[in-house]
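A.B. asks:
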Amino acid sequence: MESVPKGAAAPSSISAESIRVIAQSVPGVGELSDEVCMLLAMSADVRIRTVIDTAQAIMRNSRRCRLATRDLNVALQTHGMEPVWGHVGAHGPLAGFQCVADGLFIVKEPRVHLAQVLDEPLPTERWCIPSVRAEWLALEGSGTGNPQERRSSLPTLPKVPDIANGSELEHSDGIYAFGRRVIKSGSEEEFRLLEARVMMLRTDALRAELPHLVRLIHDEVLIGVAERRVQVLSRSMALCHTLLVHPAFGVETYLEHLTPVVLTCVLSSRIEDETELDKQLDMRRASVQVLMRIWAMTSSTFTLRPRIAKTIVVALVGADAHALGVICSALDVLCQIGGKLLFWAVALHGSSLERTLDKRLEQLDRLASQASGDQHSLPEHHHRQRQLVLHAYLALARAYQLARHYTLPCSPHVNVQAPLPQTLHARIIDAFGESALLQVCAFFTSELAF
């Protein structure tokens with residue numbers, strides 16, 4: 022643990038003097054040093070902010086704009102702490118909420134038939150007015166299959182059973198089931214219709230449907246990775262991008278849940294599909310753009326950015342010669358982040374990445390030499406693998422070019438101008454010809470080489 026200089030102010034909303042006063046009122050604690058008080062103040066500040074973030078998430082899921090004491094009580098219960106207001110038990114149920122994932126809350130809204138509402142007697146109190154909310158997907162016959170709904174000329178999408186547990190969830194009649202049907206088996210026009218309907222959601226409606234959309238993206242990415250369905254992953258990332266660019270606020274609360282899903286699409290080695298190489302590369306590029314948008318939206322979050330950077334570097338270092346798509350995506354993310362992270366990643370691991378790519382290229386050349394010298398007799402996946410190796414070489418060359426313009430913070434007047442390694446330069450020319458060299462030169466003269 023790093024020590025705090027004596028006399029320095031604690032970077033938190035709680036002062037060290039407050040911690041000292043509280044400690045003096047606790048029997049057996051005694052006098053605390055300035056360093057211990059500052060560290061305790063920082064720890065308490067982080068815990069309080071975590072509880073407030075959870076309470077705000079519950080407030081937004083309840084479609085309210087004002088924070089209530091009940092939200093703070095539920096947030097304290099979620100983190101295993103005693104409630105502050107009221108007499109609610111510490112281990113009691115979260116009344117009115119359903120926790121569908123870690124930290125993901127959905128307001129419980131029981132669904133009743135209209136006939137049951139009509140059969141109930143009217144209340145005698147004048148102030149009690151019944152409120153009925155129609156399902157928005159019921160418009161134009163795209164929602165549930167109840168017989169009282171009015172059908173239109175638009176075709177109804179075929180129902181796809183839930184392959185996770187064989188049964189539909191509580192909110193399956195709404196946007197969750199509609200999104201699953203479109204992502205899995207719908208056409209491109211139907212998927213654009215889903216994106217348009219999400220963009221048309223206003224602030225209140227978005228807060229109600231946002232947990233379902235986040236859960237939808239999470240489940241579809243898991244299914245797409247397990248079944249190696251690139252189309253499912255591409256549409257899931259497109260829907261995630263639609264949520265991030267939505268004009269209504271409130272998506273920042275769910276960035277902690279969307280980031281692992283996006284990193285899975287960027288860095289997963291299980292989706293290395295040689296038959297759909299172009300689609301796989303396009304999906305990874307789109308996932309990188311979504312990840313960089315999350316990176317730009319988390320400037321005030323002090324833990325999400327370091328976790329993303331660490332995950333990218335660890336995946337890049339641990340990638341073997343067969344995970345070429347992971348290497349390309351990780352280098353693409355590092356190039357867009359730039360700065361010190363890119364410089365040290367290339368300086369420490371650039372040579373090992375060159376050896377990994379050289380090893381894979383030698384394996385492919387050995388297989389080509391054993392194919393009786395006829396290039397047309399080689400299988401199709403051999404040519405795709407060579408194309409993927411070229412993409413990885415070009416991504417590494419781009420990373421070298423961007424890193425050589427990074428200025429060391431310890432010496433602001435010294436600019437790192439290390440040229441592209443001659444081994445990588447010669448390897449690209451020998452293996453892929455002069456056309457690949459032109460692509461490398463395009464990287465050197467592009468606007469991205471700042």
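Residues in the sequence shown are numbered from 22 upward in steps of one, following my numbering. C-beta atoms are modelled at their ideal positions from N, C-alpha and C, and glycine is treated no differently.
Starting from the C-beta of A37, find all residues in its chain whose C-beta is less than 7 angstroms away, skip the five residues before and the five after it, and write them out in chain order.
C.D. replies: Indexing the sequence shown from 1 puts residue 37 at position 16. Closer than 7 angstroms at Cβ, skipping near neighbours: A31, D55, C58, M59 and A62.
A.B. asks: Can you tell me the Cβ-Cβ gap for A336 and L288, rounded? I've got them flagged as a contact below 8 angstroms.
C.D. replies: Along the sequence shown, read from residue 1 onward, the residue named residue 336 stands at position 315. Along the sequence shown, read from residue 1 onward, the residue named residue 288 stands at position 267. Confirmed, Cβ separation roughly 4 angstroms.
A.B. asks: If you reduce the DSSP assignment to three classes, tell me which class S36 lands in.
C.D. replies: Start at 1 with the first residue of the sequence shown, and residue 36 comes out as number 15. In this structure, S36 counts as coil in the three-state DSSP scheme.
A.B. asks: Taking Cβ to Cβ, would you say V347 is nearer than 8 angstroms to I315?
C.D. replies: The residue labelled residue 347 in the question sits at position 326 within the sequence shown. The residue labelled residue 315 in the question sits at position 294 within the sequence shown. It is not a contact, given that the beta carbons lie outside the stated cut-off.
A.B. asks: Would you grab the beta carbon distance between L312 and G359 for me? Rounded to a whole angstrom, and I think it's under 8 angstroms.
C.D. replies: In the sequence shown, residue 312 corresponds to position 291, counting from 1. In the sequence shown, residue 359 corresponds to position 338, counting from 1. The pair is not a contact, with the Cβ atoms about 14 angstroms apart (cut-off 8 angstroms).
A.B. asks: Would T274 and M220 qualify as a contact pair, given that the criterion is a beta-carbon distance under 8 angstroms?
C.D. replies: Reading the sequence shown from its first residue, position 253 is the one you call residue 274. Reading the sequence shown from its first residue, position 199 is the one you call residue 220. In this structure, M220 does not lie closer than 8 angstroms to T274 by Cβ.
A.B. asks: Just how far apart, CA to CA, sit G339 and S257?
C.D. replies: Stepping through the sequence shown from its first residue, residue 339 is reached at position 318. Stepping through the sequence shown from its first residue, residue 257 is reached at position 236. Straight-line Cα distance between these residues: approximately 26 angstroms.
A.B. asks: Nearest-angstrom Cα distance between R218 and R70?
C.D. replies: Taking the first residue of the sequence shown as position 1, residue 218 is located at position 197. Taking the first residue of the sequence shown as position 1, residue 70 is located at position 49. When rounded, the distance between both Cα atoms is 34 angstroms.
A.B. asks: Could you tell me the alpha carbon to alpha carbon distance between V435 and W365, rounded to whole angstroms?
C.D. replies: Counting from 1 along the sequence shown, the entry for residue 435 is found at position 414. Counting from 1 along the sequence shown, the entry for residue 365 is found at position 344. In this predicted model, V435 has a pLDDT of only 37, less than 50, meaning its place in the structure is not dependable; the value taken from the coordinates is given anyway. Distance between the alpha carbons of V435 and W365: 16 angstroms.
A.B. asks: Mind checking if M220 is an interface residue toward chain C, Cβ cutoff 8 angstroms exclusive?
C.D. replies: This model lacks chain C altogether, as it is built from one protein chain only.
A.B. asks: Taking 8 angstroms as the cut-off, decide whether the C-beta atoms of V290 and A247 are in contact.
C.D. replies: Taking the first residue of the sequence shown as 1, we reach residue 290 at position 269. Taking the first residue of the sequence shown as 1, we reach residue 247 at position 226. Strictly speaking, residue 290 in this sequence is Ser, with Val absent from that position. It is not a contact, given that the beta carbons lie outside the stated cut-off.
A.B. asks: What is the rounded straight-line gap between the Cα of A342 and the Cα of P327?
C.D. replies: On the sequence shown, position 321 is the one that residue 342 refers to. On the sequence shown, position 306 is the one that residue 327 refers to. C-alpha separation (whole angstroms): 26 angstroms.
A.B. asks: Alpha carbon to alpha carbon, how far is S83 from E103?
C.D. replies: Walking along the sequence shown from the start, residue 83 turns up at place 62. Walking along the sequence shown from the start, residue 103 turns up at place 82. The alpha-carbon atoms of S83 and E103 are separated by roughly 22 angstroms.
A.B. asks: Just reading off the alpha helix (DSSP H) that L312 is part of, what are its end residues?
C.D. replies: Here residue 312 refers to the residue found at position 291 of the sequence shown. Segment L298 to M318, the alpha helix (DSSP H) holding L312.
A.B. asks: Do I43 and D66 have their CB atoms nearer than 8 angstroms?
C.D. replies: Locating residue 43 in the sequence shown gives position 22, counting from the first residue. Locating residue 66 in the sequence shown gives position 45, counting from the first residue. No, they are not a contact pair.
A.B. asks: Please determine, among D386, R387, G371 and R425, the residue with the shortest C-alpha to C-alpha distance to A413.
C.D. replies: In the sequence shown, the residue the question calls residue 413 occupies position 392. Taking only the C-alpha atoms, the option nearest A413 is G371.
A.B. asks: Going by C-alpha distance, which of H278, R250 and V266 is nearest Q301?
C.D. replies: As a working mapping, residue 301 is identified with position 280 in the sequence shown. Looking at the Cα atoms, R250 is the closest of the given residues.
A.B. asks: State buried or exposed for L382, treating a residue as buried only when at least 16 other CB atoms are found within 10 Å of its CB.
C.D. replies: Looking up residue 382 in the sequence shown gives position 361. It is buried - the Cβ of L382 has at least 16 other Cβ atoms within 10 Å.
A.B. asks: I need the DSSP call for W157, collapsed to helix, strand or coil.
C.D. replies: Reading the sequence shown from its first residue, position 136 is the one you call residue 157. Low confidence applies here, because W157 scores a pLDDT of 48, under 50, leaving its location unreliable; read the following figure in that light. In this structure, W157 counts as helix in the three-state DSSP scheme.
A.B. asks: Under three-state DSSP, which class holds A89?
C.D. replies: Translated into positions along the sequence shown, residue 89 becomes position 68. DSSP places A89 in coil when its eight states are reduced to three.
A.B. asks: Please state whether the Cβ-Cβ distance between L254 and M304 is less than 8 angstroms.
C.D. replies: Indexing the sequence shown from 1 puts residue 254 at position 233. Indexing the sequence shown from 1 puts residue 304 at position 283. Yes, these two residues count as a Cβ contact at 8 angstroms.
A.B. asks: Could you pull the start and end residues of the alpha helix (DSSP H) that H258 belongs to?
C.D. replies: Your numbering for residue 258 matches position 237 in the sequence shown. The displayed chain sequence assigns Met, not His, to residue 258. Per DSSP, M258 belongs to the alpha helix (DSSP H) from V251 to L265.
A.B. asks: Going by beta carbon distance, what residues of the same chain come within less than 6 angstroms of V354, once the five residues before and after it are set aside?
C.D. replies: As a working note, residue 354 is residue 333 in the sequence shown. Excluding residues within five positions, the ones whose Cβ falls inside 6 angstroms are V309 and I333.
A.B. asks: Taking Cβ to Cβ, would you say E241 is nearer than 8 angstroms to R201?
C.D. replies: On the sequence shown, position 220 is the one that residue 241 refers to. On the sequence shown, position 180 is the one that residue 201 refers to. Contact flag set, yes.
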